[in-house]
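Convert by adding 2 to the 1-based position in the sequence shown; the result is the number in this note's numbering. We put the beta carbon where it would ideally sit given N, CA and C, even for glycine. Before any comments, here is the structure.
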Amino acid sequence: MISATVPINENFRLEALKSLDILDTESQKEFDEITALAAYICDTDVALISLVDSDRQWFKSKHGIVTCETPRKNSLCSHVVLQPDAPLIIKDTRKDPRFNAEPIFLEGRPVIFYAGIPLLDTNNFALGSLCVMDSKPRVLNKKQLDSLNSLAKQVIVLFELNKRNKDLQLIHNILEEKNKSLREFARVISHDLKTPLANIITSTDLLKLKLGDKLDEESLEYFKYIKISSFSMSSYISDILEHYESDSLLQNKPEEFYLNNLLKEITNLLSVKSNFDIHFPKHDPLLDCNKLALKQILFNLIVNSIKYNDKEEVVISIEASEDESYFYFRITDNGMGIPNDKLDSIFELFKTANTTDKDGNKGNGIGLSTVKKLIEKQGGSIKVTSKEKVYTTFEFSIKKH
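Right, dumping it as structure tokens:
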């Protein structure tokens, strides 16, 4: 066989090939199905997805052989990249002056028939070929040749998808590292800020006690404002830390537990007052999921139902159901409600409904963002419906394990 010369754009062609990051990767079902189909359509012994490297041809997929690569200087596919505008079809290598100098063998079998379709990327660089070969002379009809061309285009599509998936995975890994750094930053900052805030609150109380009746009404208001602001900032810092540490909750393994027992734990933490009426599900379901993550979700939603309620009697109703794939939960309260124009944004980080709670404090838009994050990380979704001054209902799902 006459060794193929090197294409004039060889450096750029090799750069394009390397950029796919596909050489020496594991076999993939999608590519193997293409070579099997190519061999079936053309009725040949062998079909290959061959990529022409600098000194070898490497087979991303092979049907009919087990060899992974062969030297480039002895390859028929290296001739395909020389003429990327047309397929290379050799009915009988023994009669072709380019290849009849000596017999061509692959795994001990003679290569008599060969048909290679150039694999052209988006910049028209020939990366290699989709080829079929046989140990006896053959002729491809128009339908077979058209089918090979179509399959070659699908190979390129798969190459591009593989590249995009790897790029996305790389971006994901980079973002994950940044998130880890951000979580650590939030933890350190939260700790370092909460200590001086506690000192401010304590010092304010001590100063107020020391000055006693020397303070007029205006001064007392200032002291009150300092204390309220300090508590508000402390709560804000805690919520930020909770948001960035919520991922750790997702590492907990699923466990079996009764929902109403979990709800009792939550209401005990909240020290529910006598004017609170919280209805648990009549049918106490047995759940099998991430208990701590669900506890955080329900805790945040119930706290919201209590904080944003201006009625003399707070009524909260909790329902649960399930199907083969999901657990479903619904929490309805008789509180202030949410304006219609805010329903689509309340789950965004730092976005609020611009309303104050029953104590006159304004939310920070972190709690519901954390809830949404925990739910979606467990394969579920959440939605809200509301009517101002009447009710708010949160409905969410969690995918079963």
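Is the Cβ-Cβ distance between residue i and residue j less than 7 Å?
{"i": "PHE396", "j": "ILE333", "result": "yes"}
{"i": "ALA117", "j": "VAL134", "result": "yes"}
{"i": "ASP98", "j": "ILE114", "result": "no"}
{"i": "TYR310", "j": "LYS401", "result": "no"}
{"i": "VAL373", "j": "ASN292", "result": "no"}
{"i": "SER236", "j": "HIS281", "result": "no"}
{"i": "GLU32", "j": "LEU160", "result": "yes"}
{"i": "ASP47", "j": "GLY66", "result": "yes"}
{"i": "LEU251", "j": "LEU294", "result": "yes"}
{"i": "GLU315", "j": "ASN254", "result": "no"}
{"i": "SER231", "j": "ILE203", "result": "no"}
{"i": "VAL157", "j": "LEU108", "result": "no"}
What are the start and end residues of the beta strand (DSSP E) that includes residue i?
{"i": "CYS70", "result": "Element bounds for CYS70: n/a, residue is neither H nor E."}
{"i": "LYS64", "result": "58 to 65"}
{"i": "SER488", "result": "Within the shown structure, residues of the chain are numbered from 3 to 403, placing residue 488 beyond reach of any answer."}
{"i": "TYR393", "result": "393 to 401"}
{"i": "ILE320", "result": "316 to 324"}
{"i": "ILE340", "result": "Unbroken run through ILE340: none, as it is neither H nor E."}
{"i": "LEU490", "result": "Nothing can be reported for residue 490: it is not among the residues displayed for the chain, which extend from 3 to 403."}
{"i": "LYS389", "result": "384 to 389"}
{"i": "ASP279", "result": "278 to 281"}
{"i": "LEU90", "result": "90 to 92"}
Straight-line CA distance for residue i to residue j?
{"i": "PRO105", "j": "ASP169", "result": "43 Å"}
{"i": "PRO9", "j": "ALA38", "result": "30 Å"}
{"i": "LEU213", "j": "LYS196", "result": "26 Å"}
{"i": "SER131", "j": "GLN380", "result": "43 Å"}
{"i": "ARG185", "j": "ASP279", "result": "37 Å"}
{"i": "SER183", "j": "ILE173", "result": "15 Å"}
{"i": "GLU162", "j": "GLU71", "result": "22 Å"}
{"i": "LEU271", "j": "GLU321", "result": "20 Å"}
{"i": "HIS403", "j": "ASN201", "result": "46 Å"}
{"i": "LYS180", "j": "GLN171", "result": "14 Å"}
{"i": "LEU22", "j": "PHE14", "result": "13 Å"}
{"i": "VAL266", "j": "LYS297", "result": "Before going further, note that residue 266 is Lys rather than Val in the sequence given. Using only the alpha carbons, I get a separation of about 11 Å."}
{"i": "LYS226", "j": "ILE176", "result": "45 Å"}
{"i": "ASP26", "j": "LYS20", "result": "11 Å"}
{"i": "ARG111", "j": "ILE92", "result": "17 Å"}
{"i": "LEU264", "j": "ASP346", "result": "29 Å"}
{"i": "LEU211", "j": "LYS229", "result": "14 Å"}
{"i": "SER388", "j": "GLU220", "result": "40 Å"}
{"i": "GLU12", "j": "PRO86", "result": "12 Å"}
{"i": "ASN125", "j": "LYS344", "result": "47 Å"}
{"i": "TYR224", "j": "LEU209", "result": "12 Å"}
{"i": "ASP215", "j": "SER205", "result": "17 Å"}
{"i": "ALA41", "j": "LEU16", "result": "27 Å"}
{"i": "VAL317", "j": "ASP194", "result": "39 Å"}
{"i": "GLU326", "j": "GLU258", "result": "16 Å"}
{"i": "ARG100", "j": "ASN143", "result": "23 Å"}
{"i": "THR69", "j": "GLU178", "result": "39 Å"}
{"i": "LEU217", "j": "ASN342", "result": "45 Å"}
{"i": "ASP136", "j": "ASN76", "result": "17 Å"}
Leaving aside the five residues before and after residue i along the sequence, list all residues of the same chain whose C-beta is less than 8 Å from its C-beta, in chain order.
{"i": "TYR260", "result": "ASP286, PRO287, LEU288 and LEU289"}
{"i": "ASN151", "result": "PRO89 and ILE119"}
{"i": "SER383", "result": "ILE377, PHE398 and SER399"}
{"i": "LEU408", "result": "Not covered by the structure: residue 408. The range shown for the chain is 3 to 403."}
{"i": "PRO139", "result": "LYS93, ASP94, ILE114 and PHE115"}
Can you list, in chain order, the residues of its chain whose CB lies under 6 Å from that of residue i, leaving out five sequence neighbours each side?
{"i": "TYR330", "result": "SER323 and SER399"}
{"i": "ILE43", "result": "GLN146 and SER149"}
{"i": "ASP57", "result": "ARG74"}
{"i": "ALA18", "result": "ASP123 and PHE127"}
{"i": "GLU350", "result": "none"}
{"i": "VAL82", "result": "LEU90, GLY118, PRO120 and SER131"}
Specify, as a first and last residue, the run of the alpha helix (DSSP H) that residue i falls within.
{"i": "LEU264", "result": "261 to 272"}
{"i": "ARG15", "result": "12 to 21"}
{"i": "GLY118", "result": "Run containing GLY118: none in the alpha helix (DSSP H); it sits in the beta strand (DSSP E), 115 to 122."}
{"i": "ALA103", "result": "From DSSP, ALA103 is part of no alpha helix (DSSP H); its letter is neither H nor E."}
{"i": "LEU296", "result": "293 to 309"}
{"i": "LEU39", "result": "31 to 44"}
{"i": "ILE377", "result": "369 to 379"}
{"i": "SER77", "result": "Looking at the DSSP string, SER77 is not in any alpha helix (DSSP H), and its letter there is neither H nor E."}
Assuming residue i and residue j are in contact, meaning their beta carbons sit under 8 Å apart, how far apart are those beta carbons, in whole angstroms?
{"i": "LEU50", "j": "PHE61", "result": "5 Å"}
{"i": "ILE268", "j": "ILE377", "result": "Between ILE377 and ILE268 the Cβ distance is about 16 Å, and since that is not below 8 Å, they are no contact."}
{"i": "ASN306", "j": "PRO283", "result": "Incorrect: roughly 19 Å between the Cβ atoms, too far for contact."}
{"i": "ILE24", "j": "ASN164", "result": "6 Å"}
Short of 7 Å in beta carbon distance, which residues of its chain neighbour residue i, apart from the five on each side in sequence? Order them along the chain.
{"i": "SER52", "result": "GLN59, PHE61, CYS79, GLY130, SER131 and CYS133"}
{"i": "ASN102", "result": "THR95 and ARG96"}
{"i": "TYR393", "result": "THR334, ASP335, ASN336 and GLY339"}
{"i": "PRO256", "result": "ASP290, CYS291, ASN292 and HIS403"}
{"i": "SER29", "result": "SER63"}
Residue i: beta carbon under 6 Å from a heavy atom of the ligand FAD?
{"i": "LYS379", "result": "You won't find the ligand FAD in this model; it holds no ligand whatsoever."}
Establish whether the CB of residue i and some CB of chain B are separated by less than 7 Å.
{"i": "SER323", "result": "This model lacks chain B altogether; it includes just one protein chain."}
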